[in-house]
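For the numbering used here, count along the sequence shown from 1 and bump the result up by 71. One structure is given below, encoded as structure tokens.
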Amino acid sequence: MRTVLRKHNNRFRERLATGRVVAILRADDPSWFADAGQVLYEAGLGVLEVDLATPGALDAIGVLQAELGQDALIGAGGVRTVAAVDRCAAAGVDFIATTVFSPDVLWRAREYALPIVCGALTPTEVDAAWRYGPAAVKLHPAATAGGARYLEEVQAALPEVPLVPAGGVELSDVDAYLAAGALAVGVGSPLFGDALDGGRLDELGKRASQLAATADRYA
Numbered sequence: 072m073r074t075v076l077r078k079h080n081n082r083f084r085e086r087l088a089t090g091r092v093v094a095i096l097r098a099d100d101p102s103w104f105a106d107a108g109q110v111l112y113e114a115g116l117g118v119l120e121v122d123l124a125t126p127g128a129l130d131a132i133g134v135l136q137a138e139l140g141q142d143a144l145i146g147a148g149g150v151r152t153v154a155a156v157d158r159c160a161a162a163g164v165d166f167i168a169t170t171v172f173s174p175d176v177l178w179r180a181r182e183y184a185l186p187i188v189c190g191a192l193t194p195t196e197v198d199a200a201w202r203y204g205p206a207a208v209k210l211h212p213a214a215t216a217g218g219a220r221y222l223e224e225v226q227a228a229l230p231e232v233p234l235v236p237a238g239g240v241e242l243s244d245v246d247a248y249l250a251a252g253a254l255a256v257g258v259g260s261p262l263f264g265d266a267l268d269g270g271r272l273d274e275l276g277k278r279a280s281q282l283a284a285t286a287d288r289y290a
């Protein structure tokens, strides 16, 4: 199992290292997720995280996987319980993500050899989370903690830990986070605008293309 998990984690990190962006989807209704996901994928953003707070999140993940194919990675975010890990694994998600450090969730993900981006904030939490073998650690909420400068300080203390900042990240912040050493950056509402509520997909496409161009400089 360890060998399988290591293989899955390495493959996931390699994908993050080439894409550099995790697009985080959350809405009261996932009806527009497939259309928005297609726009992102065509713009070059192929790693999507659907927050479990979205009604029907796992069904939406299945639709995105079917629409975008195997080149895209579609995961579940906001995972906080062992039962949620079980549901995610049964649904066939590509990865899971948390916003908090939960040993029970980490252990269960390991049992499924499922890549997990584990949430943590302080250097102590980041170090503790990394010892459980996640694919990466989500630095959350990154903006509140001090943004790219804070990430740089944490990365200097724990250089072996791949960090994915998220939480309050603006599009204009992504370049600084990547320059500071982030493996990838999680971006939500500033990227989507009103596109997940039936708004303008063409504007989403423009933002996604600009973000992909920024990420490409670090790929």
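From the three backbone atoms N, C-alpha and C, an ideal C-beta is built for every residue, glycine too. Quick caveat, the model's predicted, so the values are computed rather than measured.
Residue pairing by DSSP places residue 189 opposite 208 in a beta bridge. Ranked by Cα distance from residue 190, the options 183, 232 and 165 are led by 232. Contact between residue 238 and residue 214 is confirmed by a C-beta separation of about 6 Å, below the 8 Å threshold.
For residue 275, the CB contacts under 8 Å within the same chain, skipping 5 residues up- and downstream, are 107, 110, 111, 262, 263, 264 and 266 in chain order. Linking residue 149 to residue 120 through their CA atoms gives a straight-line distance of about 9 Å. The DSSP-derived three-state label of residue 264 is coil. In this structure, residue 167 lies away from residue 140, with their beta-carbon atoms at least 8 Å apart.
A residue is called buried once 16 or more other Cβ atoms fall within 10 Å of its Cβ, and residue 186 is buried on that count. Counting C-beta pairs closer than 8 Å gives three or more between the region 276-290 and the region 91-103, which meets the contact rule. By the neighbour-count criterion, in which a residue is buried when 16 or more other Cβ atoms sit within 10 angstroms of its Cβ, residue 193 is exposed.
Separation of residue 208 and residue 272 (C-alpha to C-alpha, rounded to the nearest whole angstrom) is 31 Å.
The shortest C-alpha to C-alpha distance from residue 104 to any of 259, 229 and 88 is the one to 259. Pairing residue 97 with residue 125 gives a Cβ-Cβ distance under 8 Å. Each residue's CA atom was taken as its position, placing residue 179 and residue 154 some 9 Å apart.
If the five residues before and after residue 181 are omitted, its C-beta is found closer than 7 Å to the C-beta atoms of 76 and 204, all from its own chain and listed in chain order.
Distances from the alpha-carbon of residue 165 to those of 79, 216 and 175 put 79 closest.
In terms of CA proximity to residue 100, 129 leads the group 118, 115, 114 and 129. Restricting attention to 152, 199, 218 and 290, the CA atom closest to the CA of residue 242 is found in 218.
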